[in-house]
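Visitor: So the sequence shown is numbered by the numbering used here: it starts at 27 and just counts up by one. Backbone N, C-alpha and C fix where the C-beta goes; we use that ideal spot for every residue, glycine too.
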Amino acid sequence: MAAFSPEYKGILVGFRCPNGHAGHLEYNEGAGTVVKLKLSEFPFSSLTKGLFSPGAHVNSYKVLTGSGFRVTKFREDSSFSCDKCGGNWPVFSDTGQIVILNAIDTRRTATPMGYDDYARDNRSSSIPMNSTIKVSRRWLQRLEVDWEESRTTSTTGKVNLLSQYASVGLERKVEQSLKSSLSLVTEAEQLTEQSVEVVVPAHRRLTVRLNWKQIWQEGRLEVRLPDGTSAEIAYRAAVDVTFDQENIEG
Numbered sequence: 027m028a029a030f031s032p033e034y035k036g037i038l039v040g041f042r043c044p045n046g047h048a049g050h051l052e053y054n055e056g057a058g059t060v061v062k063l064k065l066s067e068f069p070f071s072s073l074t075k076g077l078f079s080p081g082a083h084v085n086s087y088k089v090l091t092g093s094g095f096r097v098t099k100f101r102e103d104s105s106f107s108c109d110k111c112g113g114n115w116p117v118f119s120d121t122g123q124i125v126i127l128n129a130i131d132t133r134r135t136a137t138p139m140g141y142d143d144y145a146r147d148n149r150s151s152s153i154p155m156n157s158t159i160k161v162s163r164r165w166l167q168r169l170e171v172d173w174e175e176s177r178t179t180s181t182t183g184k185v186n187l188l189s190q191y192a193s194v195g196l197e198r199k200v201e202q203s204l205k206s207s208l209s210l211v212t213e214a215e216q217l218t219e220q221s222v223e224v225v226v227p228a229h230r231r232l233t234v235r236l237n238w239k240q241i242w243q244e245g246r247l248e249v250r251l252p253d254g255t256s257a258e259i260a261y262r263a264a265v266d267v268t269f270d271q272e273n274i275e276g
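1) Comparing alpha-carbon positions, which option in A257, A57 and F118 lies nearest Y34?
2) Measuring CB atoms only, is the stretch 248-267 touching the stretch 162-182, in the sense that at least three cross pairs come out at less than 8 Å?
3) Flag this pair as yes or no: are the beta carbons of L127 and R246 separated by less than 8 Å?
4) Mapping DSSP to helix, strand and coil, what is K99?
5) According to DSSP, is L38 helix, strand or coil?
6) Does the Cβ-Cβ distance between R235 and R149 come in under 8 Å?
7) Counting C-beta neighbours from all protein chains within 10 Å, is the total for E102 16 or more, i.e. buried, or is it exposed?
8) Cutting at 8 Å between CB atoms, please list the residues of its own chain near A136, excluding the five before and the five after it.
9) Please return the same chain residues whose Cβ sits closer than 7 Å to the Cβ of P44, not counting the five positions on each side in sequence.
10) Please report how far the alpha carbon of E258 lies from the alpha carbon of E275, in whole angstroms.
11) Here's a check: name, in chain order, each residue in its chain whose Cβ is nearer than 6 Å to the Cβ of K160, leaving out the five neighbours to either side.
12) Can you give the beta carbon distance from E197 to N237, rounded, assuming they're within the 8 Å contact cut?
13) Would you mind sorting V60 into buried or exposed? The rule is 16 or more other CB atoms within 10 Å of its CB.
14) Looking at C-alpha atoms only, which residue of S152, H47 and E215 is the closest neighbour of A228?
15) Taking the C-alpha atoms as reference points, what is the distance between S105 and Q202?
16) Taking all protein chains shown into account, do 16 or more other C-beta atoms lie within 10 angstroms of the C-beta of V39, making it buried, or fewer, making it exposed?
17) What's the gap between the Cα of S72 and the Cα of I130?
18) May I ask which residues mark the beginning and end of the beta strand (DSSP E) holding S221?
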């Protein structure tokens, strides 16, 4: 039998999202197996129960929050979200599925990608020379999940999540969720193009060195595993490139 998650029980009783926001809630039906529940299985207040017939299956109702949201059908992967804080929480907690609770961005980091040199020669002129350099760099938009740094929140050490939950497709589920939330596609090549304006001094040769850097969005994914265990999975996504400019006169 499906059971409501602690987060959904809280919203039915308190009419607020788990982060305390009222009036900003939206129900997401999902696409999983339909779940039918009797009225007696709902943690409604006595006032809300009075809106339904005794013994009825509750397949459609409106939660009386500030803005209200209507449930048209329960499914195993149904969830609700708050448009104020961006949180997303599952309706059920024991459906045997991996439930994505939240994706949290923690920081942006940069790693070196090498450099490109562009030479401009003005040694034969007695006046400075303005020059426009068109630069480009191809890079791969990709996602990396750090399973070595992932851990369950119920243990003090790391566990091998991939081997322990291989039968439920943990790796595929996690990567699909992250790609969706970060608007990524699989291993997509990107092209960054820019123009760099420089002034080459008179009687000088200028080498413009661009030290390219890959920009990573790092974060962690909070999930609830099929046995009820909560886990945090570390990830990083390549989201952009940039460069530091170095002018070398000769």
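Guide: So, to answer that:
1) F118
2) yes
3) no
4) coil
5) helix
6) no
7) buried
8) K239, Q240, I241, W242 and T268
9) E33, G36, G113 and W115
10) 50 Å
11) S221
12) About 34 Å; that fails the 8 Å criterion.
13) exposed
14) S152
15) 17 Å
16) exposed
17) Per-residue confidence for S72 stands at a pLDDT of 40, beneath the threshold of 50, marking its modelled position as unreliable; the derived number appears in the next sentence. Taking the straight line from one Cα to the other gives about 37 Å.
18) A214 to V226
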